[in-house]
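Engineer:
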Amino acid sequence: MSDPIDPTGDRRLWQRVRLSLPEPPEPDLMTLAAYAEGRLADAEAEAVEAWLIHHPEALADIAAARSSLGAAPAPVPLPVVRAARTLAPSAQRAVWPQAMRWSSFAAAVVLVAFLGFQMGVATATSLIDPGLEDLSVEEEVFL
């Protein structure tokens, strides 16, 4: 009544049909990486698979990438995490040492500005005062 089903013949037929279809555009590298990791949506995965049918060397690379990914690493035991936390410095930085650094820097800036201003005033005063005395003497000469 019914003919025996030949799965290998059906597979070959579908492969010939797929190969006769026009070649889809090449996916970018990030899409291929997402496909290798299994993070693509079904529609995007089908588009990548259609491209991979025409490029068996890329399919072999994807298979190698999937096999190298393997399973997720085992979780770290809690005692190991606690021991690592005791070895590492505290995540909270001390506020006072940093505040002291900034305040000493600000004090140094204010001191340098004040001393520079005082030196400028002293220099200007020493240059201007003798000049004014000379002007007054010359004015007396011309009178």
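Position one of the sequence shown corresponds to residue -18 (this note's numbering), numbered consecutively onward. Every residue, glycine too, gets a C-beta built ideally from N, C-alpha and C.
Let me check you understand the geometry: is the CB of L50 closer than 8 Å to at least one non-hydrogen atom of the ligand GDP?
Structural biologist: Looking for the ligand GDP in the displayed structure turns up nothing, as the structure carries no ligands at all.
Engineer: Report the CB separation of A46 from A17 in whole angstroms; it is logged as a contact under 8 Å.
Structural biologist: That belief holds up - the Cβ atoms of A46 and A17 are roughly 4 Å apart, short of 8 Å.
Engineer: Below 8 Å on the Cβ atoms is my contact criterion, and I expect W32 with P8 to pass it. Report the Cβ-Cβ distance as a whole number of Å.
Structural biologist: Confirmed, about 6 Å.
Engineer: Indicate the three-state DSSP secondary structure (helix, strand or coil) for R63 in the structure shown.
Structural biologist: In the structure shown, R63 sits in a helix (DSSP, three-state: H, G or I).
Engineer: Just the Cα atoms here: how many angstroms apart are Q(-4) and P58?
Structural biologist: Computed Cα separation, rounded: 49 Å.
Engineer: Going by beta-carbon coordinates alone, are I43 and L13 separated by less than 9 Å?
Structural biologist: Against a cut-off of 9 Å, the Cβ pair of L13 and I43 comes out as a contact.
Engineer: What are the start and end residues of the alpha helix (DSSP H) that includes L2?
Structural biologist: Taken as a continuous stretch (DSSP letters only), L2 belongs to no alpha helix (DSSP H), as it is neither H nor E.
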